[in-house]
Amino acid sequence: MGPVLVDTHAVLWWLADAPDLSEPARALIADPESIPLVSAASVWEIAIKRALGKLRAPEDLTEAIEAAGFRWLAIEPSHAWAVGSLAEHHRDPFDRLLIAQAAVEELPILTADPAFSDYPVEVRW
0 MGPVLVDTHA
10 VLWWLADAPD
20 LSEPARALIA
30 DPESIPLVSA
40 ASVWEIAIKR
50 ALGKLRAPED
60 LTEAIEAAGF
70 RWLAIEPSHA
80 WAVGSLAEHH
90 RDPFDRLLIA
100 QAAVEELPIL
110 TADPAFSDYP
120 VEVRW
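In numbering that gives the first Met the number 0, the protein residues as written are 0 to 124.
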């Protein structure tokens, strides 16, 4: 199976055991042959939106993510630079960084966001 970048909402849904997470997505994350990755951009996004009261997340978010078996994907300069070459299909800066990371690292991305399909990345859901 290999590595897969997990979008922010999917990580939160996994941690909350939310029904919004599709069964194929749930199976992919749980697959022992899969390596689910969480971007530092997702933690940044959650921290900002949590502070603004736009979403709820565990107080010990990073520990909860690690305890759930996810691995980290750091933000590299090449990821940040690649954002500038993306078409303007998606305006959310956090999602644009995730898309750039998936493209640069040649990773599939697990997301329910249909706008990701407008980019040259493999989308799974």
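Quick reminder that beta carbons are idealized off the backbone N, C-alpha and C, glycines included. From a predicted model like this one, the values you see are computed outputs, not experimental measurements.
- Here arginine 95 is buried. Its C-beta has 16 or more other C-beta atoms within 10 Å.
- Cβ-Cβ distances below 7 angstroms link threonine 7 to Ser41, Glu44, Ile45 and Phe93 in the same chain, with the five nearest sequence neighbours on each side left out; the list follows chain order.
- With a contact defined as Cβ atoms closer than 8 angstroms, serine 38 and leucine 85 miss out at about 15 angstroms.
- Taking serine 116 as the centre and dropping the five residues before and after it, the same chain places the C-beta of Val122 closer than 7 angstroms to its C-beta, in chain order.
- For the pair proline 31 and tryptophan 13, the Cα-to-Cα distance works out to about 15 angstroms.
- By a beta-carbon distance limit of 8 angstroms, valine 3 contacts proline 35. Their separation comes to about 6 angstroms.
- Of all alpha-carbon atoms in Arg55, Ile28 and Asp16, the one lying nearest the alpha-carbon of glycine 1 is that of Ile28.
- Taken through DSSP and simplified to helix, strand or coil, isoleucine 108 comes out as strand.
- The beta carbons of valine 5 and isoleucine 108 sit closer together than 9 angstroms.
- If you ignore the 5 residues before and after proline 57, its C-beta comes within less than 8 angstroms of the C-beta of Leu14 and Ala63, all in its own chain and listed in chain order.
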